[in-house]
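Numbering of the sequence shown is given in the numbering used here, commencing with residue 1 and proceeding in unit increments. Even for Gly, the Cβ is constructed at its ideal location relative to N, Cα and C. Everything on this sheet refers to the single structure shown next.
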Amino acid sequence: MLKKFNYHSHSLYCDGKDTMEDMVLSAIERGMHYFGISSHSPICFESKVALKKERVEEYLLQAKALKQKYRDKINLFISMEMDYITSMQENIRQMSKDYDLDYFIGSVHFVKGKTNDKIWFIDGSNREVYDRGLEEVFAGDIRQGVETYFEQVINMVKNQRPDVVGHFDKIKMHNNERFFSQKDKWFEDLMMQTLDTIKESGSICEINTRGIYKKRCDDFYPGRDWIKKALEMKIPLTISTDCHKKDEVDLLFDDAIEYLKQIGERYVWYFDGEWKAQKII
Ligand SMILES: [Zn+2]
Ligand SMILES: [Zn+2]
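Here you go:
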């Protein structure tokens with residue numbers, strides 16, 4: 001029997017919609033064996049999505065208390081989804097050490113301008129924010145914006161070696177094939193360079209299901225073709241739902257497993273104090 005897991009979850013401590021305890025209870029109800037609590041890390045500017053610096057201690061204490069309280073029911077791990085932002089927040093491995101996290105996810109949501117100090121927020125529910133940011137930070141030059149995004153992702157992977165690389169092609173979500181096509185050679189080259197860097201770093205790559213169940217995207221992050229490519233390269237893959245509500249804790253987990261089986265993969269990676277491969281057949 002496959003032991004279910006999800007190491008990417010949010011709660012009211014950041015932009016999630018349910019309490020940390022309700023998220024944990026939902027994971028228990030759904031028979032999950034391993035669950036990671038991974039609030040958005042604090043960042044150096046005002047943001048509604050991030051955990052506030054002054055609440056970090058409380059966050060860690062609360063997570064520890066739940067780990068203890070439910071230790072007979074589920075294996076809980078304490079983490080954060082760390083934001084890597086060029087020249088503003090780069091030392092995310094050290095941050096995760098300082099917070100004594102079990103593992104950390106490295107993600108890019110905020111792209112710093114090349115020639116200015118402005119920030120392009122590429123995530124969230126609002127497509128206009130993406131379009132406006134592209135205009136303000138990169139004067140509407142999508143190629144420069146996307147290249148800068150990947151440069152940030154690649155530097156993060158190379159210099160910080162996150163345990164898990166979060167949704168590394170999220171830049172495609174709000175684009176929705178409008179400004180560029182995922183089949184454009186330059187885009188495919190950037191995806192390939194990112195995979196090469198992940199391979200070299202030894203980081204785990206997540207298959208993130210959120211885009212599909214939120215109906216913001218018709219594929220996983222990264223997309224199915226890239227998952228295939230990652231497996232050919234023997235990059236370790238885990239599955240996360242990036243849940244922000246209690247009914248999202250295992251959404252499309254089984255679909256991701258099914259896809260892996262379909263393309264002939266026999267293993268998926270999970271964490272029980274260290275990262276290991278688990279048979280899926
Ligand atoms: Zn994220
Ligand atoms: Zn997330």
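| Check | Outcome |
| --- | --- |
| Contact test: E54 Cβ vs ligand 1 heavy atom, cutoff 7 Å | no |
| Any alpha helix (DSSP H) of 4 or more consecutive residues that is wholly inside the stretch 10 to 91 | 20 to 29, 56 to 69 |
| C-alpha gap between S11 and S203, whole angstroms | 25 Å |
| Alpha-carbon to alpha-carbon, L251 and D163 | 22 Å |
| Distance between T115 and S96 (C-alpha atoms, nearest Å) | 29 Å |
| Pair within 8 Å by beta-carbon distance, W269 and P236 | yes |
| DSSP-derived helix/strand/coil call for E177 | coil |
| Cβ-heavy atom distance, E21 to ligand 2, below 7 Å | no |
| Span separating the alpha-carbon of A256 from that of N6 | 12 Å |
| Supposed contact pair H167 and E135 - C-beta distance, whole angstroms, cut 8 Å | Incorrect: roughly 23 Å between the Cβ atoms, too far for contact. |
| Range of the contiguous alpha helix (DSSP H) that encloses Q193 | 185 to 201 |
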